[in-house]
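For reference, the structure discussed in these notes is given below.
Numbering (UniProt numbering), first residue to last: 1 to 448.
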């Protein structure tokens with residue numbers, strides 16, 4: 001039953017009962033003395049069937065006497081924190097109930113209410129208050145907090161996309177004018193056309209990542225899911241970053257456990273791993289190494305990407321997985337970054353039932369760990385053999401020359417214990433790739 005229909009039924013029941021009571025009152029008026037106006041009207045039992053209607057409503061419902069006494073409340077009203085004991089908590093709702101009871105009119109309003117007795121967090125609700133009969137008032141409260149949040153996210157996303165698209169499109173327009181003005185200067189034409197090509201590549205990448213992110217946010221993003229060999233996914237991702245790594249003379253070293261299989265979408269996983277590797281290359285100095293390691297721990301497949309780059313500050317780590325967020329916008333423009341890569345990684349992990357973790361320290365580098373539930377495959381399966389054929393043997397870590405340890409990691413000194421940091425299992429920290437475990441290291445997780 002929809003909330004508007006249930007609301008109409010409840011009001012209808014109240015009107016019918018009120019009419020019957022009015023007739024009975026008129027019939028017996030001659031047999032008893034009139035009550036003084038100052039005598040409070042006592043709330044009797046609810047109309048027949050009204051309690052059953054209130055119990056099945058999705059909205060929180062409360063029935064009050066016109067004197068403010070609580071007559072009936074639904075479980076949802078207690079869950080939202082609207083009712084404590086025998087009292088309607090929020091003054092705004094009490095005021096609306098008093099107006100409806102006094103004027104005999106329906107009142108409705110959107111309200112922002114504190115969540116819980118401590119007032120930490122806010123509830124956005126839509127409240128409707130209507131008289132049930134002369135001595136009863138019905139309060140219906142619909143939680144719109146999530147809808148408001150989604151609407152704000154949508155508006156922010158549209159604004160960000162508009163801004164991000166405007167920059168390369170504007171640049172292309174200006175460069176086209178410059179080429180037209182320099183038609184007789186071959187060197188200038190080559191220079192401006194090269195810039196146009198770079199901007200068009202950036203625009204194409206941005207549009208594709210917006211499409212990828214939109215796909216990840218729909219319910220059937222993994223339809224149909226299938227077993228995915230992680231060795232193949234890692235190999236494909238590294239191959240797609242080969243041109244970028246050669247341009248900076250960065251060696252991408254791959255190693256770890258063989259034959260890991262997860263259940264999901266091969267292309268999405270390749271995209272996520274490629275984004276991590278590409279990010280590591282973009283923020284690493286020339287002539288360094290990027291490490292990509294895989295290990296299987298307690299039913300979880302961990303894909304660890306480590307670099308020797310500039311690192312990420314603690315403040316930036318809190319926002320690094322947000323859409324369009326860039327640690328250094330100027331550097332991102334130079335490297336062609338869109339600010340969507342890590343957000344895509346976060347959503348890919350979430351859609352596969354996993355998570356992405358970050359350890360970083362400025363001046364020492366960063367380690368991103370994609371953690372996914374392992375899909376157990378029969379021994380000798382095609383996925384396992386095919387994955388093993390493409391594996392790079394005897395790889396080493398870019399900084400230490402050693403493979404990541406097979407045992408669960410330990411948190412760096414001064415950080416929370418891994419088990420306490422994430423309820424879903426041991427978090428992956430710098431110990432996975434041999435990065436220094438100095439005090440002040442950061443271990444963060446991305447929440448979708």
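Note that CB positions come from ideal geometry on N, CA and C, so glycine has one too.
Secondary structure of residue 200 (DSSP, three-state): helix. Nearest Cα to residue 373 within the set 282, 262, 351: 262. About 11 Å separates the Cβ atoms of residue 300 and residue 294, ruling out a contact at the 8 Å cut-off. Short of 6 Å from the beta carbon of residue 169, and not among the five residues preceding or following it, lies no beta carbon of its own chain. Runs of the beta strand (DSSP E) lying entirely within the segment 56 to 88 and spanning at least 3 residues, in chain order: 60 to 65, 70 to 73. Cβ atoms of residue 199 and residue 175 come within 8 Å of each other, at about 7 Å. Residues of the same chain with a CB within less than 6 Å of the CB of residue 148, apart from the 5 flanking positions on each side, are 124 in chain order.
Counting every other CB atom within 10 Å of its CB across the protein chains shown gives residue 197 a total below 16, marking it as exposed.
Counting the other Cβ atoms within 10 Å of the Cβ of residue 318 gives fewer than 16, which makes it exposed.
Taking C-alpha positions only, residue 90 is separated from residue 138 by approximately 15 Å.
Taking a contact to require three or more Cβ pairs closer than 8 Å, the segment 225 to 244 and the segment 270 to 288 qualify as touching. Runs of the beta strand (DSSP E) spanning 3 or more residues and lying entirely within the segment 238 to 288 occur at 251 to 256, 261 to 264, in chain order. For residue 95, the enclosing alpha helix (DSSP H) covers residues 91 to 103. In the three-state scheme derived from DSSP, where H, G and I count as helix and E and B as strand, residue 343 is classed as helix. Looking at the DSSP output, residue 229 sits in a beta bridge with 261. DSSP places residue 127 inside the beta strand (DSSP E), whose first and last residues are 122 to 133. Inter-residue distance for residue 66 and residue 134 is about 8 Å (C-alpha atoms, whole angstroms). Only residues of its own chain outside the window of five on either side were considered, and among them 323 have a CB closer than 8 Å to the CB of residue 157, listed in chain order. Going by DSSP, residue 365 is part of the beta strand (DSSP E) stretching over 365 to 373. Rounded to the nearest whole angstrom, the CA to CA distance from residue 105 to residue 95 is 13 Å. It is roughly 53 Å from the alpha-carbon of residue 194 to the alpha-carbon of residue 143. Three or more beta-carbon pairs separated by less than 8 Å are not found between the segment 255 to 270 and the segment 281 to 289, which leaves the two stretches without contact.
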